[in-house]
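Worksheet for the structure shown next.
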Amino acid sequence: MGHAYQAVGWNRQKKIYDRTLLLGVVLYLAVFLGVGFALHPEATAETMILRALGTAAFMLLHVVLAIGPLSRLDSRFLPLLYNRRHMGVTMFLLAFGHGAFSLLQFHGFGDVGPLVSLLVSNPRFDSLAQFPFQLLGALALFLLFLMAATSHDFWLTNLTAPVWKALHMLVYLAYGLIVMHVVLGVLQAETSPLLAGLLVLGMIVVLGLHLAAGWRERALDEPLDQLAREGFVDVGAFEEIPEACARVVTLGGDRVAVFRYGDRVSALSNACQHQNGPLGEGRIIDGFVTCPWHGYQYKPDCGASPEPFTERVPTFETRIVDGRVWVSPVAQAPGTYVEPARHPGRAR
Amino acid sequence: MSAAREFYVGYLPQAPPALARTVRARVLLFLGLGLAGALLITAFQQPFSKAVFEFGKVRSFEGRIEVRPYPMLVVERPGAGDASRYLLVAFGKHGAEAEVGALAGRRVRLEGSLVYRDDQTMIELAEGSVEALDDSVRPEPSPSQAVDSRTFVGEIVDSKCFLGVMKPGNLKPHRACATRCISGGIPPILLVTDAEGLASYLLLTDAQGGPVGAEVVARGLVAEPVRITGAVHRLGDLRVLRADPSAWERIE
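Taken in order, these protein sequences are the chains called C and F. In the numbering used here, each residue carries its 1-based index in the first sequence increased by 290. In the numbering used here, each residue carries its 1-based index in the second sequence increased by 128.
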């Protein structure tokens, strides 16, 4: 809900998150290098550092990609999602270290500039096995840079949410490029089946979690329009909606979060204006619908964030008839006040 | 309240207690998996060669310069054989032609760091350290008559990295570096590995015994399986394979 921007808006939870993240990265590098040099005393430091940075970045990318679907499948992973952008930027920095050091090591100090060398030193575009894998890594690093550089609410607001979201979906393209970078690069020389097996396992985990989360989401998109009457749709019994929580239904192709609070019911678009977080999986806290992803808040009756914040989401008219909740599938303009429906038997 | 019912808001100072415990346990699990991954990946790397690059350790050498096919320092030694030949290279991905090209046949003192693997030794020159000791010029020796004419299957590597500066200094991940090194004047070597895994090294030249580099790079033959038929010569303790680069074959 930032209306004024700071470089990093740290709070206690973010500090805990970042300390844990940093500790994890340091421990990973320490184990990789410590055990690596103990088992391979002939190894050169450059190679070990390159591999430590590269594998740390790749492993962290798996975590970054897994957190989203894990949070969809189990809300207890949501605290890991809250500050995921710091994990993404950390992953980029590790990847950048790997890329920059590789550029220096393999392309630097030669008869042409390192970037020229990157482009011309392997011309085998005609062969899959000999394909210039370093270019795939460089392209992935460029995409990761775009995402890391815009990983801030300033860019989210100024690029607009759809553009920002589309840009950050490039992480899947970057992941694919990195998989090919590894397969056509280091795995051509490092032939242990265990290393290839770990890569495949990582891909199965990432793909499997996304498929499982997508499967679960399908149920939410089942339309209820056939139960319409007088322009309203029966979305279920009032009593079925837990207090201060919502039921999410799909009306007219859009997901709507129907919140119950006290004797009242209000309906909002399910998509948080911040990052399309699922508002319907949030709670009403201090009278505000609170997004489960980053805690953005909206008034349930008008879909507007409390001042001075300016986010607004569409609202929907509601009715309660014989203990059942009816919602109009016609979205009101974002921030439009809609009188909450009241359950007569629940009046305070 | 159970962790599943608790609601987390990141900017609030305290996470709900049951949820915090659950998250802590899962983070530890992730951390454990990550560290196990680090352990497995680093342990299952291919063995590294015992090649050595004495980086930062500068020694002094005296000997006579030869520049054909590639710059080398010839150090006379007692006993069998005429001398030891040390390939000379410069800092980075550069040959030593610029440093010693004008000193063919001259006795010099120079400083540099050793690079060695198996029976092959190279010196990376310390920049500006080459000093001519006298004005006498000894003609460069001719290589021996061809001892053999054979076909070899192997991989073209740059001698500097393969002999110890990089590990691994061969195969595809090292291809770009080897290309730049050979393009910069580092002598190319054909690495031939027999069925028992024993490696032998053949210094590559053109059919007349002249240096190759640009041709190898232009044909994109570095770090790929190649078949080369040529005449094997001895140059002191070095084996040299003379073959026309245009006839070198890539094995797809």
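We put the CB at the ideal spot given by N, CA and C, even for glycine.
Looking at C-alpha atoms only, which residue of C/G314, C/F348, C/V325 and C/M437 is the closest neighbour of C/M493? Here the question's residue 493 of chain C lines up with position 203 in the first sequence. The candidate whose alpha carbon is nearest that of C/M493 is C/F348.
For F/S277 versus F/A371, is the C-beta distance shorter than 7 Å? For this step, residue 277 of chain F is matched to residue 149 along the second sequence. For this step, residue 371 of chain F is matched to residue 243 along the second sequence. Not closer than 7 Å, so no.
Within the same chain, show all residues whose beta-carbon is closer than 7 Å to that of F/A211, passing over the 5 residues directly before and after it, in chain order. Here residue 211 of chain F is taken as the residue at index 83 of the second sequence, counted from 1. So the list reads V202, V203, E204, R205 and G364, once near-sequence residues are dropped.
Name, please, each residue of chain F whose Cβ falls closer than 9 Å to the Cβ of C/A479. Numbered from its first residue, the first sequence carries residue 479 of chain C at position 189. Within chain F, the residues near C/A479 are Q174, P296, N298, L299, K300, P301 and H302.
The alpha helix (DSSP H) enclosing C/F578, as first and last residue numbers: As a first step, residue 578 of chain C is located in the first sequence; it is residue number 288 there, counting from the start. No alpha helix (DSSP H) holds C/F578; the beta strand (DSSP E) holding it covers F578 to T580.
Using only the alpha-carbon positions, how far apart do C/P596 and C/I575 sit? Position 306 of the first sequence, counted from the first residue, corresponds to residue 596 of chain C. Position 285 of the first sequence, counted from the first residue, corresponds to residue 575 of chain C. If you take the alpha carbons of C/P596 and C/I575, they lie about 13 Å apart.
Limits of the alpha helix (DSSP H) - the one that C/M349 falls within: Position 59 of the first sequence, counting from 1, holds the residue named residue 349 of chain C. Unbroken alpha helix (DSSP H) run through C/M349: A335 to L363.
Say whether chain C places a C-beta atom closer than 7 Å to the C-beta of F/P145. Taking the first residue of the second sequence as position 1, residue 145 of chain F is located at position 17. F/P145 does not count as touching chain C.
Which listed residue (C/Q622, C/L485 and C/V539) has its alpha carbon closest to that of F/A164: As a position in the second sequence, residue 164 of chain F is number 36, starting the count at 1. Of C/Q622, C/L485 and C/V539, the residue nearest in Cα terms is C/L485.
As assigned by DSSP and simplified to three states, the class of C/M493: Within the first sequence, numbered from 1, the residue matching residue 493 of chain C stands at position 203. If DSSP states are grouped into helix, strand and coil, C/M493 belongs with the helices.
Between the region 375 to 395 of chain C and the region 427 to 440 of chain C, do at least 3 Cβ pairs fall closer than 8 Å? yes
Neighbourhood of F/C309 by C-beta distance below 7 Å, restricted to the same chain and skipping five residues each side: What you label residue 309 of chain F is simply residue 181 of the second sequence in a count that begins at 1. Closer than 7 Å at the Cβ level, and outside the excluded window around F/C309, lie K221, D286, K288 and C289.
Would you say F/G313 and F/G223 are within 7 Å of each other, going by their C-beta atoms? Walking along the second sequence from the start, residue 313 of chain F turns up at place 185. Walking along the second sequence from the start, residue 223 of chain F turns up at place 95. Their beta carbons are under 7 Å apart, which means F/G313 touches F/G223 by this criterion.
Helix, strand or coil for C/E486? Go by DSSP, reduced to three states. Position 196 of the first sequence, counted from the first residue, corresponds to residue 486 of chain C. Checking the sequence, you will find Ala at residue 486 of chain C rather than Glu. C/A486: helix per DSSP, three-state reduction.
Quick one, are the C-beta atoms of F/V178 and C/E332 less than 7 Å apart? Indexing the second sequence from 1 puts residue 178 of chain F at position 50. Indexing the first sequence from 1 puts residue 332 of chain C at position 42. Checking the sequence, you will find Lys at residue 178 of chain F rather than Val. In this structure, C/E332 lies closer than 7 Å to F/K178 by Cβ.
Three or more C-beta pairs closer than 8 Å, one from the region 369 to 376 of chain C and one from the region 407 to 424 of chain C: is that the case here? no
Is the beta carbon of C/E607 less than 7 Å from the beta carbon of C/V579? Looking up residue 607 of chain C in the first sequence gives position 317. Looking up residue 579 of chain C in the first sequence gives position 289. The answer is no: Cβ separation not under 7 Å.
Contiguous beta strand (DSSP E) assignments of at least 3 residues, all confined to the region 204 to 269 of chain F: 211 to 217, 234 to 245, 248 to 253 and 259 to 265
Would you report the Cα separation of C/E512 and C/T540, rounded to the nearest angstrom? As a working note, residue 512 of chain C is residue 222 in the first sequence. As a working note, residue 540 of chain C is residue 250 in the first sequence. Cα to Cα, the separation comes out at about 6 Å.
Excluding sequence positions up to five away, which residues of its chain have a Cβ less than 8 Å from the Cβ of C/L408? Taking the first sequence and counting its residues from 1, one reaches residue 408 of chain C at position 118. L393, H397, Q424, L425 and A428, listed in sequence order.
Kindly give me the distance between the Cβ atoms of F/L242 and F/T249, rounded to whole angstroms, as I take these residues to be in contact under 8 Å. For the purposes of this step, residue 242 of chain F is taken as residue 114 along the second sequence, with counting starting at 1. For the purposes of this step, residue 249 of chain F is taken as residue 121 along the second sequence, with counting starting at 1. Correct: roughly 6 Å between the Cβ atoms.
Establish whether the CB of C/G292 and some CB of chain F are separated by less than 7 Å. Counted from its first residue, the first sequence places residue 292 of chain C at position 2. At C/G292 the pLDDT is 46, less than 50, meaning the model places this residue with poor confidence and gives no usable figure here.
Where does the unbroken alpha helix (DSSP H) through C/V603 begin, and where does it stop? In the first sequence, counting from the first residue as 1, residue 603 of chain C sits at position 313. Per DSSP, C/V603 belongs to no alpha helix (DSSP H) and is neither H nor E.
Using the C-alpha atoms, what's the distance from C/V548 back to C/D443? Within the first sequence, numbered from 1, the residue matching residue 443 of chain C stands at position 153. Within the first sequence, numbered from 1, the residue matching residue 548 of chain C stands at position 258. Taking the straight line from one Cα to the other gives about 27 Å.
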